[in-house]
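Asks:
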Amino acid sequence: MNNPEPNNEYFLSEWIEGRLTDAELQAKVPLLEYEAYLKLRQSLDGLAFPEPDMEQHYRAIKHKKAESLDRQPAKTFRLFPWFAAAAAVLLLFGMYQFLVFSNRVSTGFGQRSEVVLADGSKVILNNKSSVAYPNGFALRRKLELSGEAFFKVSKGKRFTVETAQGSVSVLGTQFNVIAQKDYFEVNCYEGKVSVHHQKQHQILTPGQSVRFYENQTEQWQQEAVGPGWIRGESTFKNAPLESVLRQLENQYHREVDYPESLKGVRFTGSFTHCDLQTALRSICIPLQMQCDQTPDGKIVFSE
């Protein structure tokens, strides 16, 4: 019988007991959970548990013995440190469950989903995307995104979206984030947005957009009041064809193939979410490309 794979709680227990170093824990759990563990430990480090006064206890025992010789001397045990350690572990696990990204909502091919967070903020997920957030979100407005989502953020303290490609921080605004493999794009529609990608930092105001792709940073102005996919149409402005076709795959649940020579082609336009053939024509005609469908449903693009 195969032994089950250790989970994050097992690694946390090993770390608490000193059998894992900080570096070993960081290698075994996601970065955001590792940072949460460190913050919890820092909080617990501030708690002081006084040692019991053993000399005072000893004098009290001698006094009671002198009062009654028939009375057996009481045995003392140093239980307090054990209770303190147990309480610390329970507190650590309680705060861990409260602060880690334990709630997750995901969408499949061609699906959308809306999430209303504890502070009243809304997250609208596009297809093949997921968002994770903690039980204590109202106290720590930070969540994790994979894929694409549109955010309507209630005013309050800092609201942060963490992705594998970078992070976005706001106070109260509306913005769209696309976080895909080797591709990161943020569009600001209201308020002000702070974008972090590796060592770069950008501030966006309404109408401004930025993308990070193949070690390049691109900025442009857009006049839309929200992302097109909310209204059933994916829109693009000078977007890499690779990103456009990935969104086509996610919307229609079809595998897409194209030659390497088309990877660098840029596309400005849109495609509908309602009809695949119309969507294919919307992409192929402006770019003067051809596309065919194989018997198994794969869509093959060519020059």
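Position in the sequence shown counted from 1, then plus 9, gives you the working numbering.
Glycine is no exception: its CB is placed at the ideal position from the N, C-alpha and C atoms.
Since the structure is predicted, the reported quantities are computational estimates derived from the model, not experimental observations.
Considering only the beta carbon of each residue, do S291 and G306 sit closer than 8 Å?
Replies: For S291 and G306, no; Cβs fall outside 8 Å.
Asks: Reducing DSSP to helix, strand and coil, say where H205 ends up.
Replies: In the structure shown, H205 sits in a strand (DSSP, three-state: E or B).
Asks: Going by beta carbon distance, what residues of the same chain come within less than 6 Å of F146, once the five residues before and after it are set aside?
Replies: Cβ within range, chain order: L126, A127.
Asks: Can you tell me the Cα-Cα spacing of V170 and Q299, whole angstroms?
Replies: Roughly 38 Å between the two C-alpha positions.
Asks: Looking at V195: is its Cβ nearer than 8 Å to the Cβ of V177?
Replies: Result yes, Cβ atoms of V195 and V177 sit closer than 8 Å.
Asks: From T226 to H210, what does the alpha carbon distance come to, in whole angstroms?
Replies: Rounded to whole angstroms, T226 to H210 spans 11 Å at the Cα level.
Asks: Does the separation of the CB atoms of G237 and F159 fall below 8 Å?
Replies: No.
Asks: Hey, is E242's beta-carbon within less than 8 Å of any beta-carbon in chain C?
Replies: Here chain C cannot be found, since the structure has a single protein chain.
Asks: I believe S130 touches F168 by the beta-carbon criterion, under 8 Å. Please report the beta-carbon distance rounded to the nearest angstrom.
Replies: That belief holds up - the Cβ atoms of S130 and F168 are roughly 7 Å apart, short of 8 Å.
Asks: Give every residue of the same chain whose Cβ lies closer than 8 Å to the Cβ of K201, excluding the five residues on either side of it in the sequence, and list them in chain order.
Replies: Within the same chain, K201 has close Cβ partners V179, L180, T182, I212, L213, T214.
Asks: According to DSSP, is C197 part of a helix, a strand, or is it coil?
Replies: Residue state, collapsed to three classes: strand.
Asks: When DSSP labels each residue in this structure, what does L126 get in the three-state scheme?
Replies: Here L126 sits in coil by DSSP.
Asks: What's the C-alpha gap between L296 and F276?
Replies: Roughly 7 Å separates the two Cα atoms.
Asks: Note the first and the last residue of the continuous beta strand (DSSP E) segment covering K246.
Replies: Segment 242-249, the beta strand (DSSP E) holding K246.
Asks: What residues in its chain sit with their C-beta under 6 Å from that of Q228, if we drop five residues either side in the sequence?
Replies: Answer for Q228: V219, listed in chain order.
Asks: Would you list the residues sitting across from D266 in a DSSP beta bridge?
Replies: The partner list for D266 (beta bridge, DSSP) reads V309.
Asks: Quick check: the stretch 262-272 against the stretch 237-248, are there 3 or more CB pairs under 8 Å?
Replies: No, the stretch 262-272 is not in contact with the stretch 237-248.
Asks: Could you give the distance in angstroms between the alpha-carbon of E42 and the alpha-carbon of V186?
Replies: Those two C-alpha atoms are separated by around 22 Å.
Asks: Applying the criterion that 16 or more other CB atoms from any shown protein chain within 10 Å of the CB defines a buried residue, is Q302 buried or exposed?
Replies: Flag for Q302 reads exposed.
Asks: Grouping DSSP H, G and I as helix and E and B as strand, with all else coil, what is G278?
Replies: Of the three classes helix, strand and coil, the one that applies to G278 here is strand, per DSSP.
Asks: Which class does C300 belong to by DSSP, given the choice of helix, strand or coil?
Replies: Strand.
Asks: What did DSSP end up calling S291 once you bin it into helix, strand or coil?
Replies: DSSP places S291 in helix when its eight states are reduced to three.
Asks: Anyone know if the C-beta pair for L7 and E312 falls short of 8 Å?
Replies: Within the shown structure, residues of the chain are numbered from 10 to 312, placing residue 7 beyond reach of any answer.
Asks: Would you grab the beta carbon distance between S252 and Y192 for me? Rounded to a whole angstrom, and I think it's under 8 Å.
Replies: Contact flag correct, Cβ pair sits at about 5 Å.
Asks: Give the straight-line distance between the Cα atoms of R149 and P304, rounded to the nearest whole angstrom.
Replies: So the alpha carbons of these two residues sit roughly 50 Å apart.
Asks: With H, G and I counted as helix, E and B as strand and the rest as coil, what does DSSP make of S176?
Replies: It is a strand residue.
Asks: Could you check whether K137 and G165 sit closer than 8 Å to each other, using their CB atoms as the reference points?
Replies: Cβ distance not < 8 Å, so G165 and K137 don't count as in contact.
Asks: Entirely within the stretch 209-244 and at least 3 residues each: give me those beta strand (DSSP E) ranges in chain order.
Replies: The qualifying runs are 209-213, 217-222, 225-230.
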